[in-house]
Amino acid sequence: TRDGYTHFSAAPIRQIALNLLLNASAAADEGGRVSFDVREKCDGLVLEVSDDGPGFSAVGLERLLSARPTAPGGGVGLRLVRDLVCDLGGEISHARADGRTTVTVTIPRPEVPPC
2 TRDGYTHFSA APIRQIALNL LLNASAAADE GGRVSFDVRE KCDGLVLEVS DDGPGFSAVG
62 LERLLSARPT APGGGVGLRL VRDLVCDLGG EISHARADGR TTVTVTIPRP EVPPC
């Protein structure tokens, strides 16, 4: 990059973060806790969203992590996250530990065309 910064495409990153935060906020319910962390690493960008809600349903987790077709209905935001992450060449991981659900999205550093 010319200015020393990596420029990730704003629209899909914003939509990924928004959808994961909305999901976590709904899961945590009133009085629950949600956390959000974004960090740049040498190989890309990492977004991490966690909450202390009950965790994903099997259907919700499939919408987020699986490429298999899903039944129409709820969870469109989770499928959109999956599709956007895949379009960016990224990966999604999910963990449930100590009463918290954590979704981690890793987006690789974009190729920078030569000047």
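Count along the sequence shown from 1, add 1, and you get the number used in the working numbering.
We put the CB at the ideal spot given by N, CA and C, even for glycine.
Note to self: Closest to Gly100 by C-alpha separation, out of Asp52, Val47, Pro111, would be which residue?
What the structure shows: With respect to the C-alpha of Gly100, the residue from Asp52, Val47, Pro111 having the closest C-alpha is Asp52.
Margin query: By the three-class DSSP mapping on this structure, what secondary structure does Glu117 have?
Written below: Absent from the model: residue 117. The displayed extent of the chain is 2 to 116, so no value can be given.
Checklist line | Burial state of Thr2 (16 or more Cβ within 10 Å) | finding: Low per-residue confidence applies at Thr2: pLDDT is 48, beneath 50, and the placement is therefore not dependable enough to give any value.
Checklist line | Integer Cβ distance of Val106 from Ile17, believed to fall under 8 Å | finding: 6 Å
Check: Are Val86 and Leu21 closer than 8 Å when you measure CB to CB?
Finding: no
Notebook entry, point to check: Where Gly54 and Val35 are concerned, what is the direct C-alpha to C-alpha distance, given to the nearest angstrom?
Noted result: 9 Å
Check: Taking the Cβ atom as the reference point for each residue, do Ile108 and Leu66 lie within a distance shorter than 8 Å?
Finding: no
Notebook entry, point to check: Nearest-angstrom Cα distance between Ala11 and Ala59?
Noted result: 30 Å
Item checked: Any chain B beta carbon closer than 8 Å to Ala72 -> Included in the structure is just one protein chain, with no chain B present.
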